[in-house]
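>
Numbering (our numbering), first residue to last: 19 to 642.
1. From this set, 413, 488 and 494, which residue's C-alpha is nearest residue 465's C-alpha?
2. Classify residue 212 as buried or exposed, calling it buried when 16 or more other Cβ atoms lie within 10 Å of its own Cβ.
3. Any chance you could list the alpha helix (DSSP H) runs of at least 4 consecutive residues sitting entirely within the stretch 262 to 320, in chain order?
4. For residue 152 and residue 23, what's the separation of their Cα atoms in angstroms?
5. Quick one: give me the first and last residue of the beta strand (DSSP E) that residue 420 is part of.
6. Over what stretch of residues does the beta strand (DSSP E) that includes residue 403 continue unbroken?
7. Would you mind stating whether residue 39 and residue 26 have Cβ atoms separated by less than 8 angstroms?
8. Under 8 angstroms between the Cβ atoms of residue 220 and residue 95?
9. Check whether the stretch 182 to 195 and the stretch 116 to 131 touch, using three or more Cβ-Cβ pairs below 8 angstroms as the test.
10. Can you find the residues in the same chain that come closer than 6 angstroms, C-beta to C-beta, to residue 370, ignoring five residues on each side of it along the sequence?
11. Excluding the 5 residues flanking residue 522 on each side, which residues of the same chain have their C-beta closer than 8 angstroms to its C-beta?
12. Residue 140: which of 194, 20, 90 and 204 sits nearest, CA to CA?
13. Rounded to a whole number of angstroms, what is the C-alpha to C-alpha distance between residue 110 and residue 240?
14. Whole-angstrom Cβ separation of residue 506 and residue 410, contact assumed at under 8 angstroms?
15. Contact defined as beta carbons within less than 8 angstroms: I believe residue 254 pairs with residue 359. What is the distance between those atoms, to the nearest angstrom?
16. Decide if the stretch 302 to 318 is in contact with the stretch 339 to 356; the criterion is three or more beta carbon pairs, one per stretch, under 8 angstroms apart.
17. Is residue 610 buried or exposed, if buried means 16 or more other CB atoms sit within 10 Å of its CB?
18. When the distance is taken between beta carbons, is residue 415 closer than 8 angstroms to residue 463?
19. Looking only at its own chain, which residues have a Cβ that is under 8 angstroms from the Cβ of residue 206, when we skip the five neighbours before and after it?
20. Quick check on DSSP: helix, strand or coil for residue 368?
21. Within 10 angstroms of its Cβ, does residue 645 collect 16 or more other Cβ (buried), or is it exposed?
22. Should the stretch 289 to 300 be called in touch with the stretch 316 to 331, which here means at least 3 C-beta pairs below 8 angstroms?
23. With H, G and I counted as helix, E and B as strand and the rest as coil, what does DSSP make of residue 484?
24. Count the CB pairs spanning the stretch 230 to 238 and the stretch 258 to 271 that are closer than 8 angstroms, and state whether there are at least three.
25. Is residue 534 helix, strand or coil by DSSP?
26. Do the CB positions of residue 77 and residue 46 come within less than 8 angstroms of each other?
27. Skipping 5 residues on each side, what residues in its chain have a beta carbon closer than 7 angstroms to that of residue 478?
28. For a test of your reading of the model: does the CB of residue 345 fall under 7 angstroms from any non-hydrogen atom of the ligand NAD? Yes or no.
29. Using a threshold of 8 angstroms, state whether the C-beta atoms of residue 63 and residue 30 are closer than that.
30. Let me make sure I understand the geometry here. Which of 34, 36, 331 and 74 has the alpha-carbon closest to that of residue 49?
31. Which residues in the same chain as residue 250 place their Cβ atom closer than 6 angstroms to its Cβ, once the five residues preceding and following it in sequence are excluded?
32. Taking residue 548 as the reference, which of 537, 332, 568 and 363 has the closest Cα?
33. Just to confirm before moving on: does the CB-CB distance between residue 157 and residue 203 stay below 8 angstroms?
34. Give the DSSP-derived three-state secondary structure of residue 67 in the structure shown.
35. Per DSSP, what are the beta-bridge partners of residue 499 in this structure?
36. Go ahead and label residue 483 buried or exposed: buried means 16 or more other beta carbons lie within 10 angstroms of its beta carbon, across all protein chains shown.
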């Protein structure tokens, strides 16, 4: 088999398809305190890894040149690959018979792209063996190579490099003049070359770059401007390639390239602990992390030492600094692990629809089936909770014969018996055989083993996108899991009361079956988990039901001051006005004008969860 090695320059943890000829390399490894897993490193052997700030991906090319043997050498970026589906051979005159071609294609997710690439290694090798040099297809520009560089970078750097080239390699003067005046440009430092061509190019390129760096003072350059060495190398490739074509010494071909929107590695988490583990999964975005920390604080403080707590937080935009703050909440307890799992690959470009107080993160629980490996069951908890009792007791519930265990939703069940619209929705839309068994999805003990065998995240997503659901993912789970649910005592998901426009949640719940209502009343006296479900939260309504329990734990989190700062008295004032008058205050964007809206009248005309309400909310969203 042809010995082709294509090196993927990675500046961050990235997914690389499982293909023998694709070799991920951490660029600038010498400057990083963290080794990316599953990669080679450009600071091994003879290297210039420490120059990565100026040389960028060229530190990988230098390392390969000095340390790796192959028949063909290729270089891609973690976000950019050559596409081998359409080849454009270069004729003896250096032309391609293609007319204008778009130089690149965009693909949302590298993981999905890779899943459709069968026999990648054989396909690439079959193409590469026909040529001596493979490059990305030339880009047609309205500007010459010289003009284009000067638009975005320092002209003096390019002038200096051309000067150095003519001094050290006067035989390339004609090629330099030709390429600098050309409007067909080559970028990215991406190519594949046969061994002799690659080594000749390296021996030509790096002395020029080294001389340039000797003559330039980078002290006044910004971080971006210091990358001039790599930018100039792109132009040098164009000059070198122009000379190769002019001499007609070899077979050449050009290809478009692919830009990937998401390149995050496939996240599959495995258990941290080997025994007595209690895995707890939750989801939050960056904005919700302070409130999630309160739940984590309560979870840790009520947890027993004889078990091991494995906390997994699903997210897509929580930065490393915030992650580290949350992780430090475990203290020095060896029986507690806190990990973050990026769901970007799973949710990218899925048009989830949310309304009211819901967020996209509510759908992340679908992907637990894909993201966790080696777990028979896990406990899922919503972020807007306070845990008052050791969840190990809940986790030990036997769910072998069920998809999941959950608590019946007192709110929905109560309104089912009194609200004809709600009854019709559960009977005719959700088509539940037993609507009085509708469960609340904030606390779920998931039997992953059984669910993976009989359900899939794709099935959940498809049903979610089929229509606008009043309770979004909760409705979907109730549909798919009916008849496969073990019902937990009410204490494990005690919904807080709220008062609005003369009504309260307690009044709604009182209409539930008497046995269930009694159980809820008992659970309120000694709740195991308090759930601030709905729009009234302790951080926007400090005196809400069970608010004191939230603030008790909030004071012991590193985000206490942030919670107080982000939720000013103005927000609390608005909720007080709404509670007393039934009117809700809205601020008209982008002005500071505030209007009071009678929500009682609005609710009568546009019932909560109705299509009319969602449509009106969508129309006025950019102003309110």
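For every residue, glycine included, the Cβ atom is placed at its ideal position computed from N, Cα and C. All values reported here derive from a predicted model rather than from experimental measurement.
On the basis of the coordinates in this document:
1. 413
2. Buried: at least 16 other Cβ atoms inside 10 Å.
3. 307 to 319
4. Approximately 13 angstroms between the Cα atoms of the pair.
5. Taken as a continuous stretch (DSSP letters only), residue 420 belongs to no beta strand (DSSP E), as it is neither H nor E.
6. 403 to 405
7. no
8. no
9. Too few Cβ pairs lie closer than 8 angstroms, so no.
10. 378 and 381
11. For residue 522, same chain residues with a beta-carbon under 8 angstroms away, outside a window of 5 residues either side, are 515 and 516 in chain order.
12. 20
13. Roughly 43 angstroms separates the two Cα atoms.
14. Residue 506 to residue 410, Cβ: 14 angstroms. No contact.
15. About 42 angstroms; that fails the 8 angstroms criterion.
16. yes
17. Note that residue 610 has pLDDT 45, beneath the 50 cutoff, so the model's placement of it is unreliable and the number below is only indicative. The residue in question, residue 610, is exposed, as its Cβ has fewer than 16 Cβ neighbours within 10 Å.
18. yes
19. When the five nearest sequence neighbours on each side are left out, the beta carbons in the same chain lying within less than 8 angstroms of the beta carbon of residue 206 are those of 95, 98, 154, 252 and 275, in order along the chain.
20. If DSSP states are grouped into helix, strand and coil, residue 368 belongs with coil.
21. Any answer about residue 645 is impossible in this case: the structure gives the chain only from 19 up to 642.
22. yes
23. coil
24. no
25. helix
26. The Cβ-Cβ distance between residue 77 and residue 46 falls below 8 angstroms.
27. 384, 494 and 498
28. By its list of ligands, the structure shown contains no ligand whatsoever, and the ligand NAD lies outside what it can speak to.
29. no
30. 74
31. 179
32. 568
33. The answer is yes: Cβ separation under 8 angstroms.
34. helix
35. Answer is none; residue 499 lacks a bridge partner.
36. exposed
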